[in-house]
Ligand code: TRP
């Protein structure tokens, strides 16, 4: 059996929040402790262009996301940890893959369709209004990320599953035309990785502006937790854990024993204010060591930069010879 290769990218938009931590960063760091498999985690900074963020925000987000993974203890000796834009073979492969990606396949991408749909609904004459090529061919760049390192398993959220399937289709077409060269990837959707709800009870997401930043300073953390939406049950009235954002967040951090105690407190009618205070104290203590390290890294971006540089060097030991092989297969090669 060949060794599994896990790879996942994190788009550099926004500040890491506790939903990212519970849903992606923590499971990623855990999984990468398995020394029998290879792991690639990278900052998808070219992908952030599809969302046309402003330059300062993209750079700041890159620093914050990289610092978060480092502060939380990713073993960068084993896992490959790099920035997409440091691997020039990725955009090269992206263009090569453009040659075997049907436009019709891209027409079916959910994110593109959603933009068209929004135009149609708002009565725009041009259904493609405001759609940039970076959005349209986003799945091809993502396919290059995945195929560049012969990934077999791609842990992603449900919303990205289609993109991984597209990468597989594109690779198949390549192999059909040019001979077995690319490895077919498969999406891994974490069934039991928690999807946390945000302050307003909807899925925690930057797009809803309802997040709790993972490394919010103490005061801000407390303030945000106090804002979490609850129902109007009074102190002393028994409360359901089902559907409670406070409970879900607590559970995502606490041990089973501690969670059982909170379940009892809910049944006994703990006041919402008290529960919020307890959640704040828990997260605050739990995150403190990583937060101190995170703050240190944010204040020393050169340390983060050095780590990414090291990661890119390691990754390029793989991407440079492999891209040469891919180019050879399609006839872009030395003449003599
Ligand atoms: N598109 C992914 C997201 O927005 C991020 C991403 C970029 C990615 N390249 C990838 C995920 C390759 C997995 C594999 O979440």
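Numbering (the numbering used here), first residue to last: 1 to 336.
The beta-carbon is built from N, C-alpha and C at its ideal position, and this holds for glycine as well.
Remember, it's a predicted structure, so these values are computed and weren't measured experimentally.
DSSP state of residue i mapped onto helix, strand, coil
i: residue 80; result: strand
i: residue 102; result: coil
i: residue 233; result: coil
i: residue 239; result: coil
i: residue 422; result: No statement about residue 422 is possible, as the shown extent of the chain runs from 1 to 336 and does not include it.
i: residue 276; result: helix
i: residue 38; result: strand
Nearest-angstrom Cα separation, counted from residue j out to residue i
i: residue 181; j: residue 41; result: 23 Å
i: residue 266; j: residue 313; result: 51 Å
i: residue 111; j: residue 153; result: 22 Å
i: residue 157; j: residue 129; result: 28 Å
i: residue 247; j: residue 229; result: 11 Å
i: residue 276; j: residue 28; result: 28 Å
i: residue 283; j: residue 132; result: 40 Å
i: residue 300; j: residue 65; result: 14 Å
i: residue 85; j: residue 146; result: 14 Å
i: residue 165; j: residue 159; result: 12 Å
i: residue 43; j: residue 82; result: 6 Å
i: residue 108; j: residue 48; result: 21 Å
i: residue 269; j: residue 234; result: 8 Å
i: residue 330; j: residue 195; result: 42 Å
i: residue 236; j: residue 257; result: 23 Å
i: residue 144; j: residue 222; result: 42 Å
i: residue 11; j: residue 46; result: 8 Å
i: residue 183; j: residue 39; result: 15 Å
i: residue 279; j: residue 149; result: 40 Å
i: residue 344; j: residue 262; result: Residue 344 is absent from the structure shown; the chain starts at 1 and stops at 336.
i: residue 138; j: residue 163; result: 9 Å
i: residue 255; j: residue 135; result: 41 Å
i: residue 239; j: residue 260; result: 14 Å
According to DSSP, residues forming a beta bridge with residue i
i: residue 10; result: 43
i: residue 153; result: 6 and 186
(message) Restricting to runs no shorter than 4 residues, where is the alpha helix (DSSP H) found entirely within the region 174-227?
(response) 218-226
(request) Could I get the ranges of all uninterrupted alpha helix (DSSP H) runs contained in the region 265-331, with 4 residues as the minimum, in chain order? (result) 272-299 and 301-330
(request) Mind listing, in chain order, the continuous alpha helix (DSSP H) runs of no fewer than 4 residues lying wholly within the region 110-171? (result) 110-121, 133-136 and 138-148
(message) Contact between the region 315-325 and the region 88-99 is defined here as three or more beta-carbon pairs at a separation below 8 Å; is this criterion met?
(response) yes
(message) Tell me whether the region 289-301 and the region 66-83 touch, counting them as touching only if at least three CB pairs, one residue from each stretch, are closer than 8 Å.
(response) yes
(request) Check whether the region 198-209 touches the region 11-24, taking contact to mean three or more Cβ pairs, one atom from each stretch, closer than 8 Å. (result) yes
(request) Decide if the region 54-63 is in contact with the region 232-251; the criterion is three or more beta carbon pairs, one per stretch, under 8 Å apart. (result) no
(message) Assess contact between the region 171-186 and the region 94-109, defined as three or more Cβ pairs (one per stretch) separated by less than 8 Å. Is contact present?
(response) yes
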